[in-house]
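In full-length UniProt numbering, the protein residues as written are 1 to 249.
Just below is one structure, and these are the notes that go with it.
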Amino acid sequence: MSQDLPQPNRGALAEASKADPRILRRYRDEVLAVINTPVRNLWTGIESKAHRTIFAFPSPARAASCSQSELAACLYLPNLAAPTASEVCHELLHIQRYWIEGVPQLDAIDRAENKVAISNHIENIVEHSVIVPRQANYGGSRNDDDLADAKFFSGMTFNDAFGLELQALSGAMMLERLPHGEARQCVKATLKRLGKLNLRSLARQIFTIAPSNKKLATKKILQHLQIPLNELQWLNFDPIQGQCRKEPL
1 MSQDLPQPNR GALAEASKAD PRILRRYRDE VLAVINTPVR NLWTGIESKA
51 HRTIFAFPSP ARAASCSQSE LAACLYLPNL AAPTASEVCH ELLHIQRYWI
101 EGVPQLDAID RAENKVAISN HIENIVEHSV IVPRQANYGG SRNDDDLADA
151 KFFSGMTFND AFGLELQALS GAMMLERLPH GEARQCVKAT LKRLGKLNLR
201 SLARQIFTIA PSNKKLATKK ILQHLQIPLN ELQWLNFDPI QGQCRKEPL
C-alpha cells in the first residue's frame with residue numbers, strides 16, 4: 001500500500017490526489033482513534049479554521065514529518081509502530097503555524113535536492129524553538145523522542161565543515177530546551193566532542209527571538225552559515241483563499 005502513497009515534500013495536494021481516497025480516510029481515522037483528546041481536538045480545530053483537510057499517511061522514514069500547501073496538508077507517520085500523540089502533535093503544530101498563525105515558511109529558490117534539504121533544516125531549527133515548548137500543552141511526554149533524537153545526533157557523521165556546523169547548531173538548540181536527563185547529557189557530550197559548545201550562544205539568541213520575530217532569527221542563522229539571502233524566499237500560505245504568496249528575504 002505504501003508504494004501508492006505520497007512521500008514528504010513532493011507537493012501535498014498533487015500527491016494526495018493520486019492516492020485512493022478510501023485509503024486516505026481510513027488511515028486518518030485510524031490515527032485519530034489512537035491519539036489523545038487534546039491532540040485530536042488540535043487536528044480537527046486546525047481543519048475547521050482553515051477549511052482544509054489534513055491527511056495522514058504511513059511512511060517508511062525513521063521520524064514523522066509533514067508537508068503542506070495552500071490547499072492541503074499531509075502528516076507522514078512512521079509505519080514501524082503505532083503513531084504516538086507526541087509525534088502527531090508535533091507535526092500538527094507545524095501546520096498550525098503556517099495555516100492558522102500565518103507564519104511564513106523558508107523555501108529554497110534553487111530546487112536542487114541539497115539546497116532544499118538545507119532550507120528545510122534551517123526552517124526546522126527555528127520552528128522547533130517555538131513548537132517543542134508548546135507540545136507540553138497537549139499532554140504526553142517527549143522523553144522518548146528527545147532521547148532518540150539525542151542518540152541519533154551522537155551517531156552522526158559529517159562530510160564537510162558546513163554539514164557539521166548545521167547539525168551542531170541543531171544539537172545546540174536541542175541542548176537549550178532540554179532541562180535535564182540522559183538526553184541532555186548525551187547532546188552536551190556530543191557537542192563537546194565536536195568542539196561546538198560555543199554554538200550555545202547563538203542557540204540562546206534564536207530561542208529568545210524566534211517566538212516574536214521568526215524572520216530575524218532565521219537571518220541570524222543564515223548569516224552565521226554564510227548563506228546568501230537571495231538564494232531563499234518566504235512562502236506565505238492562505239488556505240482560506242487557496243493562495244500562496246512568495247516574498248524575498
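In this text, a Cβ means the ideal position worked out from N, Cα and C, and glycines have one as well.
Being a predicted model, the structure only gives us computed values, none of them experimental.
For residue i, the nearest candidate out of the options (CA to CA)
i    : options                : result
I54  : T37, N236, D29, F162   : D29
Q167 : Q233, G195, A50, T84   : G195
R25  : H51, A56, I240         : A56
K219 : C74, D20, S119         : S119
R52  : G171, P228, I95        : I95
V112 : R245, L232, Q243, N213 : Position check: residue 112 holds Ala in this sequence, whereas Val was assumed. Checking every option, the nearest Cα to that of A112 belongs to L232.
R62  : A72, Y76, G155, Y138   : Y76
T157 : R193, R134, A136, V126 : R193
T190 : A172, I46, F162, S201  : A172
L235 : Y138, A85, W99, T84    : W99
R245 : L106, N213, E87, L169  : L106
P58  : I125, D146, P78        : P78
L32  : K49, A50, E87, D20     : E87
Own chain, CB closer than 6 Å to residue i, minus 5 neighbours either side, in chain order
i           : result
R97         : V103
M174        : V187
L13         : Low local confidence applies: a pLDDT of 46 at L13 is under 50, so the model's placement there is unreliable, with the coordinate-based value given in what follows. The residues are S69, L71, A72.
I221        : I122
residue 251 : Any question about residue 251 goes unanswered here, given that the chain covers just 1 to 249.
Cross-strand partners of residue i (DSSP beta bridge)
i           : result
E231        : Beta-bridge pairing links E231 to no other residue.
residue 252 : Nothing can be reported for residue 252, as the shown portion of the chain is limited to 1 through 249.
E247        : W234
Cβ shell of residue i (< 8 Å), same chain only, five flanking positions each side left out
i    : result
V132 : H90, R142, R177
Y138 : N36, P38, V39, L42, A85, C89
P211 : S129, V130
L202 : L169, A172, K220, I221, H224
Contacts around residue i, its chain only, beta-carbon distance under 7 Å, and the 5 residues preceding and following it disregarded
i    : result
R204 : E176
P248 : Q233
L197 : L191
CB-CB length for residue i against residue j, believed under 8 Å
i    : j    : result
V34  : A64  : With 8 Å as the limit, V34 and A64 do not qualify as a contact, their Cβ atoms being about 14 Å apart.
S129 : I46  : That pair is no contact at about 20 Å.
L93  : W43  : At roughly 11 Å, the Cβ-Cβ gap does not stay under 8 Å, so L93 and W43 are not in contact.
A217 : I227 : That belief does not hold up - the Cβ atoms of A217 and I227 are roughly 14 Å apart, past 8 Å.
L225 : E127 : That pair is no contact at about 17 Å.
Using a Cβ distance threshold of 8 Å, determine whether the segment 64-84 contacts the segment 225-245, with at least three qualifying pairs required. yes
Counting pairs of Cβ atoms below 8 Å between the segment 137-156 and the segment 177-190, do you hit three or more? yes
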